[in-house]
Each structure stands twice: as structure tokens, then as C-alpha cells.
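Position 356 of the sequence shown, counting from 1, maps to 486 under this note's numbering, and the rest follow consecutively. Worksheet: one structure, shown below.
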Amino acid sequence: MRKSANSVSNIAALVLAVVLMSCSGPQADNESQLSQATQHEPGVGGGPPRVRLITQEQYLNTVEYLFGPTIKADIKFAPVRREGGLLALGAASAVVVPAVLTQFEHIARTIAAQVVDPVHRDVLVPCTPVSETASGPACARMFLSEVGRLLFRRPLRQDEIQRYVRTAGESADKAKDFYAGLSYSLSGMLISPKFLYLTEVAEVDPAHPGSYRLNAHSRALRLSLLLWNAPPDDQLLTAAENSELDSKEGLSRQVERLLASSRLENGIRAFFADMLVLDAIDNLAKDRVIYPAFTLKVAADTGEQTLRTIVDHLMVRRGDYRDLFTTRRSFINGDLGMIYRLPAERPHEWVPIEFDSANQRAGLLTQLSFLTLYSHPGRSSPTRRGKALREIFLCQKVPEPPPNVDFSGFEDPSGEFKTARQRLTIHRGNPVCAGCHKITDPMGLALENFDGAGQFRSKENGELIDASGKLDEVEFTTPVGLGQALHDHPATTSCLVERLYAYGVGRDMEPADSEWLDYLGQRFAAHGYRVPDLLREIAESSAFYSVIKEIAAPVKTAAVSHQ
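Shown next as C-alpha cells:
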């Protein structure tokens with residue numbers, strides 16, 4: 131909302147300049163695969179339109195897009211329940227209770243006050259009132275209609291505009307301050323369910339009688355959330371309003387624009403942070419007596435290291451997704467360097483590194499984020515690591531342990547068993563426990579060279595560690611071998627396809643989706659397992675916007691007095 135010619139378009143232009151990925155087609159060795167892959171989308175019924183609570187990152191991305199990075203929004207959302215392995219699915223069942231609404235109202239007033247303060251108003255308010263000590267309906271209408279369109283992801287109806295302008299005028303007359311009134315109405319928009327809940331609306335699909343699809347604004351919303359983890363910008367909303375998204379050509383233009391934007395990094399980060407459960411790092415704690423180098427700063431940096439690795443490999447280098455489990459490239463700073471036992475050339479900066487071939491670090495499984503999240507506060511856990519590997523990367527559900535399991539033999543430090551491999555024979559020998567441990571421990575034991583803080587070790591309690599393992603029928607002897615086995619496992623890529631599509635549509639997958647997921651898997655393979663190409667396949671498909679005509683659950687939120 132900066133004051134300039136075509137102000138909103140100029141804001142959008144500022145964030146579109148950097149191109150982080152090549153637009154070249156598939157490699158020559160994939161062309162035959164691509165030609166053999168199915169060229170016609172299978173039919174997909176879709177799920178009901180979704181109503182999702184906006185996430186903390188989406189909220190902040192919206193504020194920054196509308197008002198710029200100098201507007202500070204210090205907010206911490208309450209966690210939502212993870213469903214189907216993703217927080218994005220849990221957002222569909224989240225509600226705003228009165229206590230949370232109070233928090234939202236506080237931050238809304240803080241943001242609105244900054245937008246209209248003397249430092250920002252000349253840039254962010256695209257007009258000047260006749261008097262700063264009274265209501266100015268013409269200027270208020272101009273500002274609130276533009277802001278409201280972007281906050282609500284659609285143009286405001288006339289009755290909505292009139293209500294917000296009237297509220298601003300009454301507040302301005304009472305305070306004898308035009309900008310105080312404008313701030314009051316803007317804060318009202320920021321705590322409206324129309325902003326806090328991302329609501330999709332269905333319409334009849336003209337190309338498929340008897341079927342339904344999302345309406346244009348809802349298609350723009352779903353597309354932008356997938357690629358940018360943010361509501362639509364001005365250009366995408368304009369395309370929706372001009373019916374450009376109704377044609378394959380118009381949709382393709384917008385998809386390419388979003389993929390070429392620097393904001394794509396926000397989308398990539400958001401998806402993988404969700405898939406890899408990196409939000410759990412906020413509650414990660416280690417025994418400081420056992421692991422003195424593992425500080426809260428190190429814990430926070432573990433997630434950033436993983437996301438930097440993913441962005442560099444998938445976007446900058448346009449690499450094969452499977453190579454994330456074998457790559458020796460990553461990034462560290464001074465604090466992480468202490469854990470990895472690598473000197474940091476610039477201790478206070480992130481620097482690229484490449485582990486040499488003699489190092490047992492290769493791929494995401496040997497990074498601190500995975501190793502520490504799936505360990506105990508004072509020791510490693512082959513079972514937790516193996517369970518996480520199955521569930522996160524292979525989409526295979528591991529049953530919870532039975533109640534009243536006796537862990538005393540495993541946890542006894544003075545016992546006869548010195549290594550985790552030896553101690554786990556207790557559980558593998560118990561018929562009640564053996565079933566699950568057989569599918570988790572053979573993988574997790576391959577990571578036993580890394581302790582509970584992710585530090586490399588060759589011995590445990592004076593005994594040499596045996597890092598051999600097995601993933602289904604593939605055997606290996608090192609952590610690097612585990613990464614290669616996961617790289618080659620067919621479920622690794624099909625799991626990513628399923629997770630990414632579920633993340634985009636905001637619902638768990640059903641058996642009826644299997645044909646469509648198989649099709650996406652074929653296309654993913656044909657393009658060399660490159661994630662930007664998979665995103666394009668999803669975003670340009672009609673299936674991604676197909677829904678069934680089912681009324682979504684009503685939004686549950688406390689009433690707002692001036693709404």
C-alpha cells in the first residue's frame with residue numbers, strides 16, 4: 131500500500147526480480163521417460179473446499195507483502211494438531227478461542243498503528259485526507275478497499291466497504307484524528323475471520339458437468355499457498371478477477387511467474403519444515419551435562435541448516451530430490467562447527483561446506499536436525515530414528531508401543547549390554563515388541579555412530595559401534611549406506627508426492643486419490659525427480675482445484691465488537 135503510481139503492483143514487482151531456478155526443460159536422459167509417462171490427467175473427484183486457520187508464517191508473509199519489512203509483527207501462534215503427518219492438515223480443524231483472539235487483537239492494533247504513524251503513512255496510505263483531525267471518507271475508502279482486497283483475498287462488497295469506512299469515520303471524529311480512525315478499521319480487518327481463516331468456495335465446473343471446482347479467488351489462494359506459503363498478491367488476484375485462471379494458458383503464466391519469484395523459497399521452506407517436523411525443534415532439550423556443546427542456539431540452527439541444504443539443492447542447483455539423502459554439501463556456522471568438529475572460517479556467518487568421502491556425514495539423515503529430534507535428552511535412540519525414517523520419508527505408519535513396556539533392562543547403565551544394538555535384543559526378543567522393532571531398529575542402528583546430540587563417535591561405553599543395518603531387503607554397513615538405500619527406495623519419492631499434494635490441498639489422501647498420485651509419481655520420475663517440476667505439474671493440473679460440493683465446517687471464532 132505504498133503511495134506511488136500503481137502502488138500495489140510496484141510492491142509486487144519488488145519481490146519478483148530474483149530468479150533462483152533454471153527454466154530449462156528435462157535433461158536428455160529423461161526425455162524418453164517423459165514421453166512414455168501418461169500425458170492425460172486421470173479423473174479426480176477431490177475433497178470438500180477447505181477452511182484453514184492462517185499460519186504464523188502466512189500471517190507474517192501477508193503483513194510484509196502489504197506493508198513492507200519495516201512493519202514489525204511480533205506474534206507467536208499456538209500450535210495446531212498435526213494430522214496425516216502435516217500441520218497444514220491440522221490447520222483445517224483449528225479454531226480461534228477468545229484468549230487467542232485477544233492476542234490477535236493486540237498484534238493487529240500494533241501493526242495498524244505502525245502503518246499510519248508519521249514514519250510510514252506517506253508511503254503506505256495512498257492518499258491524503260482533507261483534514262487530519264476529522265473523518266475523510268474518500269481517502270479512507272481508497273485505502274481500506276485496497277488493503278481489504280489483499281487481506282480478504284477478494285474484492286470487498288459495497289456493504290463491507292461502507293461498514294469499514296463508517297467505523298473509521300466514527301472513530302476519527304471521536305479521537306479528532308483521521309489516522310486513528312483508519313488504524314481502528316485496519317485493526318478490525320486484521321482480526322476478522324475473513325482474514326484469519328483461509329476459506330475456499332466451490333462453483334460448478336463448466337468443463338465437467340456435474341462436477342465442481344474452486345472459484346477463481348479460491349484457486350488463486352490454493353496456488354499461492356502451495357508455491358509461496360502466502361495469500362495471493364495483487365497480480366494473481368487480478369488474474370483471477372479477469373478470468374485468466376480459467377484457461378490453461380493463463381494459469382500457466384501465473385504458475386511460471388510464481389515459480390520464478392524469490393518468494394518460492396518461502397514455499398519450499400514451509401513445506402519441508404512441515405514435512406520434517408522442524409517445529410518440534412522449539413521444544414528440543416538435551417542434557418547439558420552430557421552434551422555441553424548443544425545449546426539452545428545450536429538447536430535453533432539445526433533446522434536452518436537443513437532448510438538451507440534443501441533450498442540450495444532443490445532450487446539453486448535443481449537437483450534430484452533423492453540426492454538429498456546422499457549429498458555431502460551443506461552449510462554450517464560457528465556454533466554448528468563445534469558439534470560437527472569442523473573449523474568455521476567465519477564463525478558468525480553461514481558458510482557452505484562439503485564433507486569429504488572419508489566422513490560418515492552424507493544427506494539429511496546425518497544432519498543434526500534429524501539426529502537430535504529423534505533421540506532422548508541424554509542418549510541416542512535407534513528405535514525413534516528408525517520410526518521417524520519410516521513415517522516421514524516413506525509414509526509408512528509404525529504402531530505405537532504397547533502399554534506397560536518394561537524399559538528397565540534397556541536403560542540400566544550398569545547392565546551387561548554396552549551398546550544400543552546389544553540392549554535392543556531385549557525388545558526384539560519380546561514377542562509383544564518384536565514386530566515394530568524389526569521394522570525400525572535395523573535402520574536406526576545404522577545411525578548409532580551419532581550420539582543424542584548428533585556428534586560422531588566410534589565407540590559406546592568402550593565398545594566399538596556396529597553401524598550395519600537393513601532397509602527392507604537392502605543391507606548396508608555405514609550411515610552413508612543407509613542414505614543410499616533410502617535414495618533408491620521406491621517409497622521415498624512416492625511419499626514426497628503424497629505429502630506435497632496433501633499439503634497443497636489441505637487434506638489427507640484417500641484411496642480414490644491413488645490413480646492421481648501414481649500419475650504424479652510418473653511425471654516426477656520423468657522430470658528427473660526435480661521438485662520445481664513436480665510443483666508445476668500439481669499447480670497446472672485441473673485436479674489440484676477440483677472439489678466436491680460439500681459445505682465446509684463453519685468458522686468458530688469469538689465475535690469482534692466493531693466487526
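For each residue, glycine too, the CB sits at the ideal point set by N, CA and C. This structure is a prediction, so every number in the text was calculated from the model and none was measured.
When the distance is taken between beta carbons, is residue j closer than 8 Å to residue i?
| i | j | result |
| --- | --- | --- |
| V226 | L183 | yes |
| N463 | Q188 | no |
| P267 | G299 | yes |
| V210 | A229 | no |
| D571 | T513 | yes |
| S265 | A305 | no |
| W480 | R438 | yes |
| F424 | I469 | yes |
| A638 | G176 | The sequence given here has Asp at residue 638, not Ala. No, Cβ-Cβ distance for D638 and G176 is not below 8 Å. |
| P178 | V677 | yes |
| T623 | G658 | no |
| S498 | L577 | The sequence shown places Leu at residue 498, rather than the Ser named in the question. No. Outside cutoff. |
| Y466 | V428 | First, the residue type needs correcting, since residue 466 is Leu and not Tyr in the sequence shown. Contact: yes. |
| G613 | G449 | no |
| R629 | M445 | no |
| A100 | L575 | Within the shown structure, residues of the chain are numbered from 131 to 693, placing residue 100 beyond reach of any answer. |
| F455 | P482 | no |
| P361 | T192 | yes |
| M573 | G516 | yes |
| C566 | P529 | yes |
| S317 | Y294 | no |
| Y649 | R343 | no |
Can you give me the start and stop residues for the beta strand (DSSP E) that residue i sits inside?
| i | result |
| --- | --- |
| Y327 | 327–329 |
| V334 | 332–334 |
| I462 | 459–462 |
| K600 | 599–601 |
| I483 | 481–484 |
| R551 | Note, R551: premise wrong, no beta strand (DSSP E); alpha helix (DSSP H) at 550–553. |
| L344 | 342–344 |
| E605 | 604–606 |
Over what stretch of residues does the alpha helix (DSSP H) that includes residue i continue unbroken?
| i | result |
| --- | --- |
| G518 | Correcting the residue identity first, residue 518 is Ala in this sequence and not Gly. Run containing A518: 512–518, per the alpha helix (DSSP H) assignment. |
| G634 | 620–635 |
| Y421 | Premise fails: Y421 is in no alpha helix (DSSP H) and is neither H nor E. |
| Y309 | 308–320 |
| Q103 | The structure shown has nothing for residue 103, since the chain only spans 131 to 693. |
| A380 | The amino acid at residue 380 is misidentified as Ala; the sequence shows Gly. Its alpha helix (DSSP H) spans residues 378–389. |
| F273 | 267–282 |
| A400 | 394–405 |
| T368 | 364–371 |
| S301 | 288–305 |
| V441 | 426–441 |
| Q526 | Counting along the chain, Q526 falls outside any alpha helix (DSSP H), and DSSP gives it neither H nor E. |
| E667 | 661–669 |
| L71 | Since the first residue of the chain shown is 131 and the last is 693, residue 71 is not available in this structure. |
Rounded to the nearest angstrom, what separates residue i and residue j at their Cα positions?
| i | j | result |
| --- | --- | --- |
| T329 | E290 | 17 Å |
| Q351 | F654 | Checking the sequence, you will find Leu at residue 351 rather than Gln. In a straight line, the C-alpha of L351 is about 24 Å away from that of F654. |
| R666 | S348 | 18 Å |
| G599 | N591 | 20 Å |
| V441 | R458 | 14 Å |
| K679 | Q288 | 27 Å |
| G311 | S261 | 12 Å |
| V604 | L626 | 21 Å |
| I522 | V407 | 9 Å |
| L353 | A669 | 6 Å |
| K527 | G220 | 18 Å |
| V277 | A632 | 30 Å |
| A621 | L356 | 22 Å |
| Q552 | L594 | 12 Å |
| N160 | L664 | Note that N160 scores a pLDDT of 49, beneath 50, so its modelled location is shaky; the value from the coordinates is reported in the next line. Rounded to the nearest angstrom, the two C-alpha atoms are 14 Å apart. |
| V181 | S341 | 20 Å |
| S313 | R251 | 11 Å |
| W646 | H338 | 17 Å |
| N372 | A346 | 9 Å |
| A238 | A270 | 18 Å |
| A689 | T555 | Low confidence applies here, because A689 scores a pLDDT of 36, under 50, leaving its location unreliable and the question unanswered by this model. |
Answer yes or no: the CB of residue i versus the heavy atoms of the ligand ADP, is any distance below 7 Å?
| i | result |
| --- | --- |
| A415 | Within the structure as shown, the ligand ADP is missing, as the structure has no ligands at all. |
Can you list the beta strand (DSSP E) stretches of 3 or more residues lying completely in the stretch 179–209, in chain order? Counting only runs of 3 or more, we get 181–183.
Between the stretch 200–209 and the stretch 243–252, do three or more beta carbon pairs fall short of 8 Å? yes
Assess contact between the stretch 414–430 and the stretch 365–385, defined as three or more Cβ pairs (one per stretch) separated by less than 8 Å. Is contact present? no
Is it the case that the stretch 382–391 contacts the stretch 432–447, given that we only count it when at least three CB pairs across the two stretches are under 8 Å? no
Should the stretch 494–513 be called in touch with the stretch 574–593, which here means at least 3 C-beta pairs below 8 Å? yes
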